[in-house]
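Residue numbers (the numbering used here): 11 to 899. Glycine included, every Cβ here is placed at the ideal spot set by N, Cα and C.
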Amino acid sequence: MENSTTNRKKNKGKTKFQSVNIIRDNQPLKFRQITSNNDEDDALNHDDDVIWEDGCIPSSSISNNNNNINVDNVAQNKGVTIEFDTLPDLSKKKRIRRATAEDKEFAEIVHKAHLLCLIARGRLVDAACDDPLIQAALFSLLPPHLLKISEATKLTANALSPLASWFHQHFHVRSPSSADKPFNSALASALEVQGGSPEEVAALSVALFRALNFTTRFVSVLDVASLKPEADGDEASHFESSRERKDIFDSSTLMVSKINTDWISSMKLSASNGKNIYDTSGTSVSGTKRGQLPAITEDKDSLAYNQLKKSDQPVSETRNASDDDKCQRRKGDLEFEMQLQIAMSATALEAPKRKPEASSSGSPSSPLHSLSPLKKIKRINEESPSSSHVISTAIGSRKVGAPLYWAEVYCSGENMTGKWVHVDAVNAIVDGELKVEAAAAACKKSLRYVVAFAGLGVKDVTRRYCAKWYKISPKRIDSEWWDAVLAPLKELESRATGGMVPLLNQDIKSTNMIEEGKSNELNQGRTLGKSSFSESCVNVGKDRQKSSTRSPSFDCRSTLEDMELATRALTEPLPTNQQAYRNHPLYAIEKWLTKYQILYPKGPILGFCSGHAVYPRTCVQTLHTKERWLREGMQVKENELPSKVVKSSSRNRRGQAIEGEDLSEGGSDGVVSLFGRWQTEPLCLPPAVDGIVPKNERGQVDVWSEKCLPPGTVHLRFPRLVPVVKRLGINFAPAMVGFEFRNGRSVPVYEGIVICTEFREAVLEAYAEEEHRREEEERKWEERQALSRWYQLLSSMVIRQRLNNTYMNNLESETVAEPSKSQNKVSCTGTENVNQSTAPHQETVSATNRFDTQSHEHIFLTDEESYDEGSVTRTKRCRCGVSIQVEEL
DNA sequence: GTGGCTTATGCCCCTTTGGGCTAT
DNA sequence: GATAGCCCTTTGGGGCATAAGCCA
11 MENSTTNRKK NKGKTKFQSV NIIRDNQPLK FRQITSNNDE DDALNHDDDV
61 IWEDGCIPSS SISNNNNNIN VDNVAQNKGV TIEFDTLPDL SKKKRIRRAT
111 AEDKEFAEIV HKAHLLCLIA RGRLVDAACD DPLIQAALFS LLPPHLLKIS
161 EATKLTANAL SPLASWFHQH FHVRSPSSAD KPFNSALASA LEVQGGSPEE
211 VAALSVALFR ALNFTTRFVS VLDVASLKPE ADGDEASHFE SSRERKDIFD
261 SSTLMVSKIN TDWISSMKLS ASNGKNIYDT SGTSVSGTKR GQLPAITEDK
311 DSLAYNQLKK SDQPVSETRN ASDDDKCQRR KGDLEFEMQL QIAMSATALE
361 APKRKPEASS SGSPSSPLHS LSPLKKIKRI NEESPSSSHV ISTAIGSRKV
411 GAPLYWAEVY CSGENMTGKW VHVDAVNAIV DGELKVEAAA AACKKSLRYV
461 VAFAGLGVKD VTRRYCAKWY KISPKRIDSE WWDAVLAPLK ELESRATGGM
511 VPLLNQDIKS TNMIEEGKSN ELNQGRTLGK SSFSESCVNV GKDRQKSSTR
561 SPSFDCRSTL EDMELATRAL TEPLPTNQQA YRNHPLYAIE KWLTKYQILY
611 PKGPILGFCS GHAVYPRTCV QTLHTKERWL REGMQVKENE LPSKVVKSSS
661 RNRRGQAIEG EDLSEGGSDG VVSLFGRWQT EPLCLPPAVD GIVPKNERGQ
711 VDVWSEKCLP PGTVHLRFPR LVPVVKRLGI NFAPAMVGFE FRNGRSVPVY
761 EGIVICTEFR EAVLEAYAEE EHRREEEERK WEERQALSRW YQLLSSMVIR
811 QRLNNTYMNN LESETVAEPS KSQNKVSCTG TENVNQSTAP HQETVSATNR
861 FDTQSHEHIF LTDEESYDEG SVTRTKRCRC GVSIQVEEL
């Protein structure tokens, strides 16, 4: 056993070192945290400004005389121990690092990629549900009396209940199969053993419904990475923890898996205590044989076992528990224990008759033992009044897992036109769409994307399951991208599930109502910029356009469903807290209006929240200054008073001060007058007269858009137009198209000119001629340049040849050329004697020492040079002994 | 536990219209 | 002398979203 606990703290100058020992499997590693911050106190606080340096120390040098923590028995633990020799100062405020634009962009990319992957996965599952072999196998398992359901002409939700119950009894969630297995094979295996992952079991239920010829979708909650950078901290940990216990607790096993697990634990407990708290008949709570239950790891079992063991203790014993135990047992755990039995009774068919037995055992899980949890249960029930199954916050606090997969079956017997019915066969819940959100919320999950798969197509049905859209809307990707992704898939889905249904008069009315609402909301979407609301409404609009060509009394299911979802969007209940109105897509309160917003018209009042009147979001109008409206191609009507006067920035004040007395719009210095769209009219600029372009005070035309052009003028966006129009004597004005920041100041950006329309053709013709002439000149110039360069090249070659002829035969000694004076390198072949005339020097090179190597490259160092003023000759020497003499002319 | 309110923080939008020097 | 081109330096104030803390 080694001990590696030598800690040291260095202070070099103003750099602070914080040492950390990491011990892993007897291998001591030492890391040093270097803070570059000068301020020592700050260095401790700024966790981001640290550099980690790899390092290690020999184990022999490790001593035990450590002032800090000694770590013993490390080898026994076989784990990783991290020591800090300075504890973080918790009293000091933690520095907040906010996500940068780059972080957000990255998170968005990850979010999108994850969404696409999950959609692809869903399509795989959907395709597997269509497997005829699997469907046939499931069909063969069905008892005869359930086969009659498929014969019903009008399918209803009630008719599905026995089917869901049968499936619930025969198929169970258990440890997931190998991940690298194709889903079809995994599904076949799940069918064989009548159990599998939540996804597989849900897919089997979909396959069963399809085998019965029901129009069925596989619905999945896309548990996608967060759109916010690093916002996954909690969620990620939850995700991990969820994955860790995936084998028994994941996803739609919200209650069933837990029940099964606890049932096994209870059995063990009962066996150990010599009594059975449940019926000893050998059948499960849900009526299935225990032999079919999944194998569960001992660790998980023991966890659940211990959990139930605690809950099985008498109340008095629990109350006498030590304070430590009280700390360990959270409030949520206690509540969980108490709710466990209720949850079981709510989900298990035979639970009611077992409940008294459980209660009689003295378990604190009986609701009679505590009132506080009951209040919470009551509260959740109030939130979901239609729920027949109680979903406890305690279960959620333990993060058992949110429902992620289920089926949707189209029931033509529901309503007048049919309805998509939620069927969670795994939990034997039929038509429980209102419970999904509550269950997900209890598990700290939000239903950001609920999508239905059918026929390899995809449809977003989040609206059906999410009542509080305003809560999830900011967590979703922008609707434009999402709609574009789903558009082709939606067509596929519609084709697979579509069917003509009679459209009644009342539906037509509601359609019209939605159309009106849609147009309002789209207007509102413009004001909001990123309108999440419009995503469903736009789809409705598109589909309505398509369906408008059909018979007025018939419409397809898809369109009707779009209408239903859009109706839900328009009928979202008023939130009860003020914060929710801040960016609510439908409602607004005056308190949260921004500086440039106003309520117009101020009504109708839809309700009140904490004394604040609630208005439709469509009443929120965006205000602009006169100048800003000009950019939009609008001008403020005459005699219009500002709707709002706000304080201006100092720079604006300065600008207004320069403008002098033109403060009538604002009334006083330092304020800006704002006007709404209803106070404006299309821009009416003075028209061009007699070929003269009307200009502003700077002698130019501000072309923010085409709307800003004076009547009778045209904007030509070509370079080098000014000389042309000057030559033609045409009046023009430079077109300023915007600003850019350069050299610390904003600089106007000009692009082209503005001329009167009547000169357009003439100018363009002249411009074309001018450009042609310019190009011709340019071409000629390039030709001249090329000729000149060729002449220089050929001349130098002739001179070189002449020099060679003159000097080459007369030289006795070897000559070398100096190709590059700057590098002072000479490539020498050993046999060639080269004289090169290089202006302004003429270098006569003579080798004083014949060298041996054929490819030696001489390097003439400056230090080795000598200069003879008498002969005006510079002698350069190479280390190899070769020297050259350069005669300077 | 939830909601309301305040405060701190930091991202990001809006604002906006040169001048001196040098080569040609 | 006129003109064209290059280079200098790299806003900054406020709105607003968000997180955290405190309190009811």
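Can you find at least 3 beta carbon pairs, one from the stretch 226 to 235 and one from the stretch 457 to 464, that sit closer than 8 Å? Counting Cβ pairs under 8 Å, three or more are found: they touch.
Does DSSP put leucine 651 in a helix, in a strand, or in coil? The three-state reading of DSSP puts leucine 651 in coil, since its state is none of H, G, I, E or B.
Glutamate 780: first and last residue of the uninterrupted alpha helix (DSSP H) it sits in: In the DSSP assignment, glutamate 780 falls within the alpha helix (DSSP H) that extends over 770 to 817.
Those residues which DSSP pairs with proline 626 across a bridge: Paired residue(s): Tyr597.
Would you call the stretch 631 to 642 in contact with the stretch 686 to 695, where contact means no fewer than 3 C-beta pairs closer than 8 Å? Counting Cβ pairs under 8 Å, three or more are found: they touch.
Does the beta-carbon distance from threonine 586 to cysteine 619 come in below 9 Å? Their beta carbons are under 9 Å apart, which means threonine 586 touches cysteine 619 by this criterion.
Pick from Phe177, Ala772, Arg486 and Leu444: whose alpha carbon is nearest that of cysteine 476? Here the closest residue by C-alpha is Leu444.
Could you tell me the boundaries of the beta strand (DSSP E) in which valine 461 lies? Counting along the chain, the unbroken beta strand (DSSP E) around valine 461 starts and ends at 460 to 464.
Short check: CB of valine 495 to CB of leucine 125, under 9 Å? Note that the C-beta distance between valine 495 and leucine 125 is below 9 Å.
What are the boundary residues of the alpha helix (DSSP H) that histidine 155 is part of? 154 to 157 is the extent of the alpha helix (DSSP H) around histidine 155.
Please look up how many angstroms separate the CB atoms of alanine 743 and glutamine 710, rounded, as I've assumed it's under 8 Å. Confirmed, about 5 Å.
Straight-line CA distance for histidine 4 to proline 614? This structure cannot settle anything about residue 4, because the visible part of the chain is limited to 11 through 899.
Quick one: using the 10 Å Cβ neighbour count with 16 as the cut-off for buried, is alanine 579 buried or exposed? Buried: at least 16 other Cβ atoms inside 10 Å.
With DSSP as the reference, please indicate the residues paired to phenylalanine 870 in a beta bridge. Per DSSP, Cys888.
Test item: CB-CB of alanine 772 and isoleucine 809 under 9 Å: Taking the C-beta atoms as reference points, isoleucine 809 is found no nearer than 9 Å to alanine 772.
Rounded to the nearest angstrom, how far is the Cβ of glycine 762 from that of leucine 726, given a contact under 8 Å? Sure, about 5 Å apart at Cβ, within 8 Å.
Let me make sure I understand the geometry here. Which of Arg220, Ser207, Ala196 and Gly205 has the alpha-carbon closest to that of glycine 173? According to the sequence shown, residue 173 is leucine rather than glycine. The shortest C-alpha separation from leucine 173 is found at Arg220.
Give the DSSP bridge partners of cysteine 476, in chain order. For cysteine 476, DSSP assigns no beta-bridge partner whatsoever.
Between the beta-carbon of histidine 432 and the beta-carbon of arginine 473, is there less than 9 Å? Not a contact, by the Cβ cut-off of 9 Å.
On the CB-based measure, 16 or more other CB atoms within 10 Å of its CB, does proline 758 come out buried or exposed? Proline 758 comes out exposed.
Would you call lysine 790 buried or exposed, if buried means 16 or more other Cβ atoms sit within 10 Å of its Cβ? Result: exposed.
Pop quiz: isoleucine 608 and lysine 647 are said to be a contact at Cβ under 8 Å. What is the actual Cβ separation, rounded to whole angstroms? Separation of the CB atoms of isoleucine 608 and lysine 647 is rounded to 17 Å, and the pair is thereby denied contact status at 8 Å.
Host alpha helix (DSSP H) of isoleucine 702 (start-end): No alpha helix (DSSP H) holds isoleucine 702; DSSP gives it neither H nor E.
Can you round the beta-carbon distance between glycine 701 and phenylalanine 769 to whole angstroms, since I take them to be within the 8 Å contact cut? The Cβ separation is near 7 Å, so the contact holds.
Would you identify the three-state DSSP class for methionine 746, choosing helix, strand or coil? DSSP, reduced to helix, strand and coil, places methionine 746 within a strand of the structure shown.
Checking 9 Å against the spacing of the C-beta atoms, do valine 468 and serine 215 come in under that value? Going by C-beta atoms, valine 468 is not nearer than 9 Å to serine 215.
Do you know offhand how far aspartate 470's Cα is from tryptophan 492's? If I take the Cα positions, the gap works out to 9 Å.
What do you reckon, are the CB atoms on alanine 622 and lysine 601 nearer than 9 Å? Correcting the residue type first, residue 622 is histidine in the shown sequence and not alanine. At the C-beta level, histidine 622 and lysine 601 come within 9 Å of one another.
So who's on the other strand from tyrosine 877, going by DSSP bridges? By DSSP's assignment, tyrosine 877 forms a beta bridge with Arg884.
Could you tell me the boundaries of the alpha helix (DSSP H) in which glutamine 689 lies? Element bounds for glutamine 689: n/a, residue is neither H nor E.
Could you compute how far the alpha carbon of glutamate 716 sits from the alpha carbon of tyrosine 480? Rounded to the nearest angstrom, the gap between the Cα atoms of glutamate 716 and tyrosine 480 is 37 Å.
My output table needs one value for cysteine 453: the three-state DSSP class, helix, strand or coil. Taken through DSSP and simplified to helix, strand or coil, cysteine 453 comes out as coil.
Assuming the contact rule is C-beta atoms closer than 8 Å, alanine 196 and valine 211 should be a hit. Round their C-beta distance to whole Å, please. The pair is not a contact, with the Cβ atoms about 11 Å apart (cut-off 8 Å).
Within the continuous beta strand (DSSP E) that includes histidine 725, where are the two ends? Counting along the chain, the beta strand (DSSP E) containing histidine 725 begins and ends at 723 to 726.
For alanine 464, collect the residues of the same chain with a Cβ closer than 6 Å to its Cβ; drop the 5 residues on either side in sequence, then sort them by chain order. For alanine 464, where only same-chain residues beyond five positions count, the Cβ hits under 6 Å are Arg227, Glu503, Ala506 and Thr507.
For tyrosine 420, the residue or residues it bridges with in DSSP: The partner list for tyrosine 420 (beta bridge, DSSP) reads Trp430.
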